[in-house]
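What follows is a short report on a single structure.
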Amino acid sequence: MTLTPTKFIWFNGEFVPWEEAKVHVLTHTLHYGMGVFEGIRCYKTERGPAVFRLKDHIERLHNSARMVGMKIPYGIEELIEAVKETIRRNQIEECYIRPIAFYGYGVMGLNPAGAPVNVAIVVWPWGTYLGEEGLKRGVRVKISPWRRIHPLILPPQAKVVANYANSILAKVDALSSGYDEAILLNLDGKIAEGPGENVFMVKDGVLCTPPVSSGALIGITRDSIIRIARDEGIPFEERELTVDDLLGADEAFFTGTAAEVTPIREVDGKPIGAGVRGPITERLQRIYFDTVRGRNSKYLEWLDFVS
Ligand code: PPE
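For the sequence shown, our numbering begins at 119 and goes up steadily by one.
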C-alpha cells in the first residue's frame with residue numbers, strides 16, 4: 119500500500135519532520151528482526167478524532183517487549199500521551215497509528231545488549247485494508263501452505279517484527295495465487311489466523327473463533343467483537359477449528375485493527391454459506407463501525423478523544 123506522508127513523526131520523545139525520521143543501515147532490528155510494534159486506528163467522530171482502545175494497544179506493546187526481553191524506555195502513560203500529541207501535531211482526523219520499538223545502531227551480532235531501544239510513533243491516512251468492496255461483498259481466501267509460527271519457535275502472542283516474515287510469506291503466496299488474503303493453520307492443522315487478522319466463523323447461529331492456544335494473536339478487535347456479540351446475545355464459543363469447520367460454516371469474517379471487520383466469502387474457491395456477507399457478520403460489522411466512530415454510547419469507554 120502506497121504511503122501518504124503526514125508532517126511529523128514522534129521519534130524518541132521528539133517530533134521530527136516526516137522526511138527526517140531516518141535510521142542507519144546497521145540498525146540492529148533491520149538485520150535480525152527483533153523489535154515490537156502496534157497497529158492502532160484513530161477515527162473521526164462528532165467530538166473530534168478518537169483513538170480506539172489506545173491503552174490496550176500500548177499495554178500490548180509493552181507486553182510484547184517484555185516477552186522478548188526488550189526494555190522500552192517510555193512508560194505506558196507517556197506513550198499514550200505521545201500518540202495523542204502526534205495526532206494533534208499532524209492535524210489529522212482519521213489515521214492509522216504505528217508505534218514501533220526497535221534496536222537501533224550501536225552493536226552487531228545477535229546479542230542486542232548495548233544497542234539502544236528506539237521508539238517511533240507514526241500516523242498516516244490508511245483506508246480499508248482489504249478494499250472497500252471486500253468490506254461489503256467479502257474477500258476470497260486461500261488456506262496457506264505456510265503454517266503459523268509455533269510458540270516454541272517465536273511467540274505468536276507478541277507483535278514481534280520477525281513474526282511478520284511468516285505473515286508476508288502467506289500473504290504474498292495468496293495474492294500470487296489470485297486470492298485476496300490467506301488463512302494460516304498451525305502445526306496441528308487447526309486454523310490459527312490470517313497474516314494480520316483474527317478469524318471468526320458462524321455456524322447455526324453460533325459465533326466461533328480459535329483460542330489463543332491455536333496460535334492466534336490476542337486481537338483487540340477480536341476481543342471487541344466477542345464483547346459486542348455477548349452483549350447482543352449471540353451465542354459464542356472459543357474452540358479449535360478445522361478447515362472442514364470453516365468450509366461448512368454459514369458465515370466467516372476477519373477482524374483486525376487494519377482489516378476492521380471484513381467478511382470472507384470464499385475459501386479455496388468454495389463459497390462460505392451463500393458466498394456473500396452473512397447477516398450476523400453484517401450486524402457485528404455495523405455495530406463495530408458505529409462503536410469506533412463514537413455513534414454507540416455503550417462502548418464510549420473504548421474511545422480516547424484526542425482534543
Ligand atoms: N493477528 C495478527 C498476526 C495481526 O498482525 C493482527 C493485527 C491481528 C491478528 C489483529 O489484532 P488487532 O489489531 O489487535 O485486532 N495486525 C496489524 C498489522 C497489519 C499490517 O498489515 O501492518 C493491524 O491490523 O494493525
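For glycine and all other residues, C-beta sits at the position ideal for the given N, C-alpha and C. Every value quoted in this text rests on a predicted model; they were computed, and no experiment measured them.
Annotation: the continuous alpha helix (DSSP H) that includes residue 340 extends over 338-349. Taken from the Cβ of residue 335, at least one heavy atom of the ligand PPE lies inside 7 Å.
In the displayed model, residue 281 falls within a helix according to three-state DSSP. Burial of residue 378 is indicated by the presence of at least 16 other C-beta atoms within 10 angstroms of its C-beta. Short of 6 Å from the beta carbon of residue 145, and not among the five residues preceding or following it, lie these beta carbons of its own chain, in chain order: 222 and 223. Residue 425 counts as exposed, since fewer than 16 other C-beta atoms from the protein chains shown sit within 10 angstroms of its C-beta. Around the C-beta of residue 311, 16 or more other C-beta atoms lie within 10 Å, and the residue is accordingly described as buried. If the five residues before and after residue 289 are omitted, its C-beta is found closer than 8 Å to the C-beta atoms of 299, 300, 313 and 314, all from its own chain and listed in chain order.
Residue 379 is bridged by DSSP to 373. Using a Cβ distance threshold of 8 Å, residue 369 and residue 328 do not count as a contacting pair. Between the region 191-207 and the region 245-260, the count of C-beta pairs closer than 8 Å stays below three; the two stretches do not touch. The ligand PPE has a heavy atom closer than 7 Å to the beta-carbon of residue 285. Look at residue 345: its beta carbon is at least 7 Å from all of the heavy atoms in the ligand PPE. In this model, residue 239 and residue 271 are separated by some 28 Å (Cα to Cα). Taking a contact as a CB-CB distance under 8 Å, the pair residue 180 and residue 190 counts as one, their CB atoms being some 6 Å apart.
Between the ligand PPE and residue 327, a heavy atom-to-CB distance of less than 7 Å is absent.
Secondary structure at residue 358: coil, using DSSP grouped into helix, strand and coil. Residue environment: residue 295 is assigned as exposed (fewer than 16 neighbouring CB atoms within 10 Å of its CB, all protein chains considered). Listed in chain order, the beta strand (DSSP E) runs fully inside the region 255-333 are 257-261, 299-303, 309-311, 316-321 and 324-327, counting runs of at least 3 residues.
Contact between the region 139-157 and the region 268-284 is established, with three or more Cβ pairs separated by less than 8 Å. For residue 409, the uninterrupted alpha helix (DSSP H) segment begins and ends at 397-410. One thing to note: residue 151 has its Cβ within 8 Å of the Cβ of residue 283.
As the crow flies, the alpha-carbon of residue 213 is around 22 Å from that of residue 415. A check of alpha carbon separations from residue 236 across 392, 132, 364 and 320 identifies 132 as the nearest.
A residue is called buried once 16 or more other Cβ atoms fall within 10 Å of its Cβ, and residue 229, having fewer, is exposed. Fewer than three beta-carbon pairs drawn from the region 333-340 and the region 205-212 are found closer than 8 Å, and the two stretches are therefore not classed as touching. Residue 130 and residue 185 have their C-alpha atoms spaced approximately 22 Å apart. One Cα belongs to residue 265, the other to residue 287, and the distance between them is close to 10 Å. Set against 7 Å, the gap from the CB of residue 122 to the closest heavy atom of the ligand PPE is not smaller. Spanning the alpha carbons of residue 383 and residue 140 requires a straight line of approximately 41 Å.
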